[in-house]
Structures are given as C-alpha cells and as structure tokens.
Amino acid sequence: EGGEGDALWLSYRIGPEKVPDVELAAFWRRAVDPKHCQEEVQKLEQVPRLTVTRRELPLVPVHDIEHWRQVNRRRKETAKAKREAETNPSLEFMFNAIFGVQ
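Start counting the sequence shown at 250; every next residue gets the next number (the working numbering).
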C-alpha cells in the first residue's frame, strides 16, 4: 500500500525528465527578455493536478478597465459633492438659519 501511494506522489513531481534543462533555459530567457527572445518553447507533457478538478466555490467576477473607471469617477463625484455640501449649505438650511424654523 505504501509503494502505491509513493508512486502516486511521484507522478506529481516535476523533474528533468518532464522539463529538460534546455526547455527550462528557454523559459528563463523568454521571461528575462520576452520582446527580443525568438526561441520557441515546445509544449510540455501535462501533469496531474494537485488541486480539486471541480470548482465548488463561485468565481469572483472580474471587471474590465471601464468598470473601474466608472467606480473611480463615482467615488470622486461623491467626495466632491460632500465637500461642496459642507462649504455651500442648502437653500433650505440658509432660510431656516436666517428666518427660523417654521
């Protein structure tokens, strides 16, 4: 039983048999200088995943740049409105301060 478990765990191990040093060096050169690296990296053998194959949790929604621009614009407008409300009181407030509450 122990031998089968060890063999299973060894299948997850990534070593020189699965990723040769030549390919690893090519990955490194491409990572260092992706614009000028002309080397093609060959597709590697797929390995089993250690994570769960099904997603039990819902994925977090990913928003594009336009969404975040709108969020920032709304936040800035709210902050500006709050500052203006502090410096420029409403007409109703000014009437109540001048003539009293009716």
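C-beta: ideal position from N, C-alpha, C; glycine also.
Predicted model, so just to flag it, every value in this text is computed and none were measured.
CB-CB length for residue i against residue j, believed under 8 angstroms
i: E266; j: Q291; result: Contact flag wrong, Cβ pair sits at about 15 angstroms.
i: R278; j: E288; result: 6 angstroms
i: I263; j: V296; result: 7 angstroms
Residue i - DSSP class collapsed to helix/strand/coil
i: D282; result: coil
i: E250; result: Any reading at E250 needs caution, since the residue's pLDDT is 46, under 50, leaving its predicted position unreliable; the model's value is listed next. DSSP places E250 in coil when its eight states are reduced to three.
i: V350; result: coil
Residue span of the alpha helix (DSSP H) that contains residue i, given as start and end
i: R262; result: Note, R262: premise wrong, no alpha helix (DSSP H); not H, not E.
i: E326; result: 314-336
i: H308; result: Checking the displayed sequence, the identity of residue 308 turns out to be Leu instead of His. Where L308 is concerned, there is no enclosing alpha helix (DSSP H), given that its DSSP letter is neither H nor E.
i: L293; result: L293 -> no alpha helix (DSSP H), and no H or E assigned at all.
i: E288; result: Premise fails: E288 is in no alpha helix (DSSP H) and is neither H nor E.
Cβ-based neighbour list, residue i, same chain, cut-off 6 angstroms, excluding 5 preceding and 5 following
i: C286; result: R278, R279
i: R332; result: none
i: W317; result: none
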